[in-house]
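Chemist: After the structure tokens below, expect a handful of questions from me.
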Amino acid sequence: MSLSYSEKVLKYFLNPVNVGELKDADAIATEGSPACGDMIKLFLKVNKDTKVIEDIKFKSYGCASNIATASVITELAKGKTLDEAKKITWTDAAEYLGGLPPVKVHCAVLAVDALKTAIENYEHTHGLLKEKKPTDEKIVRERLKHVINPLTGLDVLQGNLIKDIKIKDGRIDITLNMAKNNQFAGNISEEIKERLEPLWDVKEVNIILQES
Amino acid sequence: MKKNLYVYLDSNATTRVDDEVAKYILNFYTNDYAVASSQFSHTPGIRAKDAIDKSRYLIAKAINSSPEEVIFTSGATESNNLAIKGVAFANLNSKRKKIIVSKIEHFSVLHTAESLEKFGFEIEYLNVNHEGFVDLNHLASLIDDNTLLVSIMFANHEVGTIQDIKNASEIAHKYGAYFHTDAAVAFLQVPIDVNLLGIDLMSITAHKIYGPKGVGALYIRKGTKIEKIIEGGYQEFNLRAGTENVPGIAGFGKAVEIFSQEDLKKVRNLRDYLYEQIKENISGVYLNGASDFNKRIPNNLNVSFDYIEGESVVLHLDMRGIAVITGSACFSRSLQASHILLAMGFTHERAHGSIRFGLHKYLTKEDIDWTVENVKEVVEKLRKLSPLSK
């Protein structure tokens with residue numbers, strides 16, 4: 000099995016770089032879910048004036064290619080401005096690693112998505128958006144597509160977990176089709192908040208669960 | 000790190016061939032290489048036939064059947080195909096159109112059963128509980144007078160759970176259905192008496208009991224209405240055409256002949272020790288499969304580790320000279336998590352974190368200690384990386 004990975008992938012798998020968390024991160028993004036087998040959490044520290052990514056760290060629950068691609072993406076992004084970092088693609092990471100087995104390409108895509116989301120979150124919270132679109136249900140739903148129910152492996156929209164979405168004066172109320180005592184209620188609520196709170200005009204995200 | 004130690008722990012997939020078996024097989028490639036085409040053959044041909052007869056006798060003795068009820072095949076996959084398709088095709092004119100299998104069967108049973116849908120058969124799937132035991136109440140509720148065949152594996156290859164075969168076959172027979180069991184990982188690991196357990200058809204294989212790959216057998220109870228699925232000559236009582244794999248069949252018999260209960264006891268003890276040591280040294284470990292170790296095959300342990308994904312564990316251990324496998328989606332060709340762990344009601348996360356240890360007679364206590372030491376290091380290393388660790 001190890002033979003299907005390039006030497007570079009194995010090198011980064013054994014000795015990943017930029018692993019860890021940033022306590023004073025300016026932006027955080029999580030992509031994937033343990034249910035899918037791949038999950039990455041990315042932390043950014045950005046220079047306010049130059050917009051250069053000064054530090055970047057990641058944590059990964061996932062296979063070898065997930066760990067290796069996350070390593071490479073962080074290595075490529077470090078020292079770049081946000082606009083430069085946005086241009087990094089999964090093919091850049093895959094090429095840098097000497098290729099990935101076709102079934103593992105999604106790992107590279109996931110790592111790049113995490114970087115893009117983290118940058119986007121930074122732009123939302125630091126007033127860098129070029130075009131300030133007011134948050135509506137469509138934007139909320141788009142972001143909720145990335146929140147996965149660990150039990151089914153489906154996102155919360157596909158899994159019919161979203162009962163209602165209300166948006167008013169910077170406050171979002173999400174009602175879930177999920178009982179308070181469900182073992183994943185805390186987990187999913189937290190992930191939804193993490194997805195929606197960075198939006199530029201959102202001040203508060205409130206999750207409403209069903210009485211058990 | 001001990002450089003020259005390689006600890007193979009994938010024995011539920013396959014085992015190394017015993018030296019005595021390998022030596023015995025070689026003779027049928029280089030000396031007694033004739034085929035057993037007829038009982039009135041030339042001398043070398045008769046020697047080949049004698050070798051096959053001897054193996055057939057040894058296997059029959061091991062499961063308390065008659066030798067004529069044992070048909071040699073290319074392995075358990077073919078045996079499962081022959082059992083299910085063979086019975087289905089021989090009974091196409093019967094009103095019985097229902098086939099019931101469990102959800103945790105090997106793909107060679109699941110996909111074979113599915114393939115019969117296009118011939119008008121209806122396939123029903125039995126639920127299992129959290130420990131991998133087939134729900135026999137579910138069987139009782141699905142079975143009817145239109146059921147042709149019930150197929151429930153003897154023991155599961157991933158989680159090791161041994162089924163209540165006696166009660167399952169009783170339910171099948173009450174409705175006049177045939178009962179088939181895939182005993183690929185159970186044969187010789189647990190005592191099997193086909194008469195006592197009411198088994199009509201049973202698939203077994205050589206390569207999980209220190210025998211060669213590419214040879215298996217199907218036990219077919221006398222009187223079972225079945226037809227061949229590979230057309231050709233009249234070999235194997237006209238139920239399986241093709242030149243017999245004489246070296247393989249001879250090796251299968253030899254492996255059965257020398258299989259030792261003492262070795263089996265040793266394997267069981269090492270397995271128990273491995274589990275004890277893992278529990279003692281690593282936190283966040285969950286046992287997958289039967290918690291009553293008397294209801295698990297002696298050579299299997301399957302556990303899940305919190306917060307980490309199995310492919311990474313497998314790869315790290317491989318680089319350290321330890322061979323295990325995982326039920327994680329990342330590991331499989333299809334990117335699907337183990338259908339067995341999911342059928343048992345586990346989250347994808349638990350399936351992704353599962354590791355299977357398959358033990359065998361060549362292991363020592365030192366191998367197990369070294370394995371535990373490395374598993375602990377790898378699990379800790381990966382947990383440091385994991386965003387889920389607390």
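Which chain is which? The protein sequence lines are A and B, in order.
Going by numbering that gives the first Met the number 0, the residue at position 34 of the first sequence is 33; the numbering climbs one at a time, nothing skipped.
Going by numbering that gives the first Met the number 0, the residue at position 266 of the second sequence is 265; the numbering climbs one at a time, nothing skipped.
Just so you know, even glycine gets a beta-carbon here, dropped at the ideal spot from N, CA and C.
Just so we're clear, the structure is a prediction, and the values are computed from it rather than from any experiment.
With a CB to CB cut of under 6 Å and the five nearest residues on each side skipped, what residues in its chain are close to residue 116 of chain A?
Modeler: Taken in chain order, the residues that qualify are 28.
Chemist: Beta-carbon separation of residue 363 of chain B and residue 321 of chain B under 8 Å?
Modeler: Not a contact, by the Cβ cut-off of 8 Å.
Chemist: Among B:69, B:100, B:74, which has the Cα closest to the Cα of residue 126 of chain B?
Modeler: That would be B:100, whose Cα lies nearest to the Cα of residue 126 of chain B.
Chemist: Would residue 356 of chain B be called buried (16 or more neighbouring beta carbons within 10 Å of its own) or exposed?
Modeler: Per the 10 Å Cβ criterion, buried.
Chemist: Using a Cβ-Cβ distance under 8 Å, would residue 337 of chain B count as near chain A?
Modeler: No - not a single Cβ of chain A is within 8 Å of the one on residue 337 of chain B.
Chemist: Please state whether DSSP places residue 130 of chain B in a helix, a strand or coil.
Modeler: Reduced to three states, the DSSP call for residue 130 of chain B is coil.
Chemist: Classify residue 118 of chain B as buried or exposed, calling it buried when 16 or more other Cβ atoms lie within 10 Å of its own Cβ.
Modeler: Residue 118 of chain B should be labelled exposed.
Chemist: Which chain B residues are close to residue 38 of chain A, counting only those with a beta carbon under 9 Å from its beta carbon?
Modeler: Within 9 Å Cβ-Cβ: 308, 385, 386, 387.
Chemist: Would you mind reading off the limits of the alpha helix (DSSP H) that contains residue 91 of chain A?
Modeler: Its alpha helix (DSSP H) spans residues 89-95.
Chemist: So residue 31 of chain B and residue 50 of chain B are in contact, right, with Cβ under 8 Å, and what is the actual spacing, rounded?
Modeler: Indeed they touch by this definition, with Cβ atoms about 7 Å apart.
Chemist: Hey, is residue 70 of chain A's beta-carbon within less than 8 Å of any beta-carbon in chain B?
Modeler: It does not: the Cβ of residue 70 of chain A has no partner Cβ on chain B nearer than 8 Å.
Chemist: Less than 7 Å between C-beta atoms, sequence neighbours within five positions excluded: which residues of the same chain meet that for residue 5 of chain A?
Modeler: Cβ neighbours of residue 5 of chain A beyond the five flanking positions: 96, 97, 98.
Chemist: Give the single residue among A:134, A:78, A:199, A:10 whose Cα lies nearest to the Cα of residue 56 of chain A.
Modeler: It is A:78 whose Cα lies nearest to the Cα of residue 56 of chain A.
Chemist: Would you report the Cα separation of residue 13 of chain A and residue 217 of chain B, rounded to the nearest angstrom?
Modeler: Their backbone Cα atoms lie some 46 Å apart in a straight line.
Chemist: When you compare the CB positions of residue 284 of chain B and residue 277 of chain B, do they come within less than 8 Å of one another, or not?
Modeler: Result yes, Cβ atoms of residue 284 of chain B and residue 277 of chain B sit closer than 8 Å.
Chemist: Helix, strand or coil for residue 143 of chain B? Go by DSSP, reduced to three states.
Modeler: If DSSP states are grouped into helix, strand and coil, residue 143 of chain B belongs with coil.
Chemist: Could you name the residues that DSSP lists as bridge partners for residue 154 of chain B?
Modeler: Paired residues: B:161.
Chemist: Once the 5 residues before and after residue 76 of chain A are set aside, which same chain residues still bring their CB inside 8 Å of it?
Modeler: So the qualifying residues of the chain are 52, 55, 84, 87, 114.
Chemist: So residue 9 of chain B packs on residue 323 of chain B, CB below 8 Å; how close in whole Å?
Modeler: Indeed, because the Cβ distance is near 6 Å, the residues count as touching under 8 Å.
Chemist: Going by DSSP in three states, residue 52 of chain B sits in which element: helix, strand or coil?
Modeler: Residue state, collapsed to three classes: helix.
Chemist: Run the CB neighbour count on residue 319 of chain B, radius 10 Å, all protein chains shown included, and call it buried at 16 or more, exposed below.
Modeler: The residue is buried, with at least 16 neighbouring Cβ atoms inside 10 Å.
Chemist: Strictly by DSSP, which residues pair up with residue 31 of chain A?
Modeler: DSSP output for residue 31 of chain A lists A:38 as bridge partner(s).
Chemist: What three-state label does DSSP hand residue 167 of chain B in the structure shown?
Modeler: Looking at residue 167 of chain B - three-state DSSP - the assignment turns out to be helix.
Chemist: Can you list, in chain order, the residues of its chain whose CB lies under 7 Å from that of residue 69 of chain A, leaving out five sequence neighbours each side?
Modeler: Answer for residue 69 of chain A: 39, 57, 59, 110, listed in chain order.
Chemist: Kindly confirm or deny that the stretch 53-69 of chain B and the stretch 218-226 of chain B touch, where touching means at least three C-beta pairs closer than 8 Å.
Modeler: Yes: the two stretches touch, three or more of their Cβ pairs being nearer than 8 Å.
Chemist: Is the stretch 128-135 of chain B in contact with the stretch 154-169 of chain B, if contact means three or more CB pairs nearer than 8 Å?
Modeler: Taking 8 Å as the limit for Cβ pairs, the verdict is that the stretch 154-169 of chain B does touch the stretch 128-135 of chain B.
Chemist: Name the chain A residues that come within less than 7 Å of residue 273 of chain B, Cβ to Cβ?
Modeler: Under the 7 Å cutoff, chain A gives no residues; its nearest Cβ is about 22 Å from residue 273 of chain B.
Chemist: Closest to residue 23 of chain A by CA distance: which of A:170, A:190, A:103, A:46 is it?
Modeler: Here the closest residue by C-alpha is A:46.
Chemist: Buried or exposed: where does residue 242 of chain B fall if 16 or more other Cβ atoms within 10 Å of its Cβ makes it buried?
Modeler: By the neighbour-count rule (16 or more Cβ atoms within 10 Å), residue 242 of chain B is not buried but exposed.
Chemist: How is the alpha helix (DSSP H) around residue 174 of chain A delimited, first residue to last?
Modeler: Premise fails: residue 174 of chain A lies in the beta strand (DSSP E), 170-178, not in any alpha helix (DSSP H).
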